[in-house]
Amino acid sequence: MGLLNKRESSIHTESIDGHLFKIVVPNPDVRGRQEILELYLQDKPLGDDVDVKAIARGTPGFNGADLANLVNIAAIKAAVEGAEKLTATQLEFAKDRIVMGTERKTMFISEDSKKLTAYHESGHAIVAFNTEGAHPIHKATIMPRGSALGMVTQLPSNDETSISKRQLLARLDVCMGGRVAEEIIFGQDHITTGASSDLHTASELAHYMVSSCGMSDTIGPVHIKDRPSPEMQSRIDAEVVKLLREAYDRVKALLKKHEKALHALANALLEYETLSAEDIKRILLPYREGRLPEEQEDQQEGDLVLV
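In this text, residue positions in the sequence shown follow the UniProt record's numbering: the first is 1, and each later residue adds one.
Here it is in structure tokens:
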């Protein structure tokens with residue numbers, strides 16, 4: 001399990017008069033992505049349901065090569081299906097292929113493993129859905145993709161220029177959701193190695209918050225670039241463990257409170273394998289305290305993929 005953040009820029013090396021220069025090319029903003037998509041789509045017949053502006057908004061962090069790949073994958077799928085025009089469904093398929101990896105439909109997964117994966121991914125999703133500052137959910141799946149047995153993807157609807165402490169703490173909580181869900185449903189003795197990359201991601205994020213962002217009250221507003229002294233390293237490690245423990249405790253309390261929702265979402269994943277953001281919202285809203293199923297609410301935005 002792990003976290004994937006889209007690159008914020010590309011680095012190219014150029015040689016001018018024998019001197020090497022590194023040129024940092026930032027990824028395009030939403031307007032740039034729209035212009036790139038229009039360029040790659042200009043010779044492709046498009047269905048009436050294709051909204052290039054919406055695709056650009058839904059692909060933050062994509063660079064030019066990613067967008068070219070998206071169009072190519074969609075075009076290949078359209079050709080295989082014998083379609084005369086590119087459709088929104090084919091472009092969405094292409095985006096999922098890039099963000100989530102290739103589906104491995106022939107891979108055999110035991111029913112017990114499917115059930116555990118469903119609860120693990122549901123844990124991530126419920127924490128994201130109920131945590132202030134968490135990134136909006138794109139999809140959840142227990143269909144094996146790439147090297148993962150399942151994943152929850154979260155994509156922003158616009159570009160991020162900075163990330164608040166609240167949002168980083170929310171990311172820590174989402175990372176913990178899978179492991180805590182396993183523990184609540186199956187017991188401490190039946191937790192699995194599936195959360196190892198989640199924990200790796202959470203540990204790296206907590207270390208970044210403490211040593212690079214000055215987000216520790218104990219250590220203070222410092223940026224520790226070089227190797228710290230043994231004493232400082234010990235203090236950093238203690239703060240990292242504290243952040244992770246606090247995230248674990250928050251998530252355990254939240255998932256116990258929403259255990260009925262955890263069962264409902266896991267059962268839906270077992271039945272349908274892949275759920276969209278709208279599906280997840282429809283399932284979980286009735287379990288929110290004081291909310292009716294038809295109520296709508298926007299979430300904070302960010303760029304995260306948990307698997």
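From the three backbone atoms N, C-alpha and C, an ideal C-beta is built for every residue, glycine too.
Given the structure is predicted, the values throughout are model-derived calculations rather than measurements.
Original post:
From which residue to which residue does the beta strand (DSSP E) around Ile163 run?
Top reply: First-last for Ile163: undefined, no H or E at that position.
Original post:
What's the call for Ala79, buried or exposed, on a 16-neighbour Cβ count within 10 Å?
Top reply: exposed
Subject >> Exposure of Leu168, with buried meaning 16 or more beta-carbon neighbours within 10 Å >> reply: buried
**OP:** Measure the alpha-carbon distance for Ser122 versus Ala266 and round it to whole angstroms.
**Re:** 6 Å
Original post:
In three-state DSSP terms, what is Val305?
Top reply: The pLDDT assigned to Val305 is 46, lower than 50, so where the model puts this residue is not dependable, and the model offers no usable value.
Subject >> Arg288 (DSSP reduced to helix, strand or coil) >> reply: coil
**OP:** Starting from the Cα of Ile236, find the closest Cα among Thr201, Leu41, Ser216, Leu37 and give me that residue.
**Re:** Ser216
**OP:** Please check the pair Ala118 and Leu270, which I expect to be a contact at CB under 8 Å, by giving their CB distance rounded to whole angstroms.
**Re:** 5 Å
Subject >> Extent of the continuous alpha helix (DSSP H) to which His263 belongs >> reply: 259 to 272
**OP:** In angstroms with no decimal places, state the Cα-to-Cα distance between Glu92 and Asp226.
**Re:** 43 Å
**OP:** With DSSP as the reference, label Ala68 as helix, strand or coil.
**Re:** helix
Original post:
For Tyr40, which residues of its own chain have a beta-carbon under 6 Å away from its beta-carbon, when the five flanking residues on both sides are left out?
Top reply: Ala68, Val71
Original post:
How many angstroms separate the CA atom of Glu38 from the CA atom of Val50?
Top reply: 11 Å
Original post:
Alpha carbon to alpha carbon, how far is Ile109 from Gly178?
Top reply: 18 Å
Original post:
Going straight from the alpha carbon of Ala181 to that of Val251, what length do you get?
Top reply: 9 Å
**OP:** Specify, as a first and last residue, the run of the beta strand (DSSP E) that Ala137 falls within.
**Re:** The amino acid occupying residue 137 in the given sequence is Ile; Ala does not appear at that position. Element bounds for Ile137: 137 to 141.
Original post:
Where Pro60 and Val25 are concerned, what is the direct C-alpha to C-alpha distance, given to the nearest angstrom?
Top reply: 15 Å
Original post:
Can you tell me the Cα-Cα spacing of Asp198 and Val152, whole angstroms?
Top reply: 12 Å
Subject >> Presumed contact (8 Å Cβ cut-off) between Ile142 and Lys114, rounded CB distance >> reply: 6 Å
Original post:
Using CA coordinates, which residue listed in Ala75, Val174, Lys105, Ala54 is at the minimum distance from Asp43?
Top reply: Ala75
Subject >> Ala148 - partner residues in DSSP beta bridges >> reply: Arg145
Original post:
In three-state terms, what does DSSP make of Glu246?
Top reply: helix
Original post:
Between Glu183, Ala65, Arg145, which lies nearest to His120 when the distance is taken from Cα to Cα?
Top reply: Glu183
**OP:** Using three-state DSSP, classify Ser122 as helix, strand or coil.
**Re:** helix
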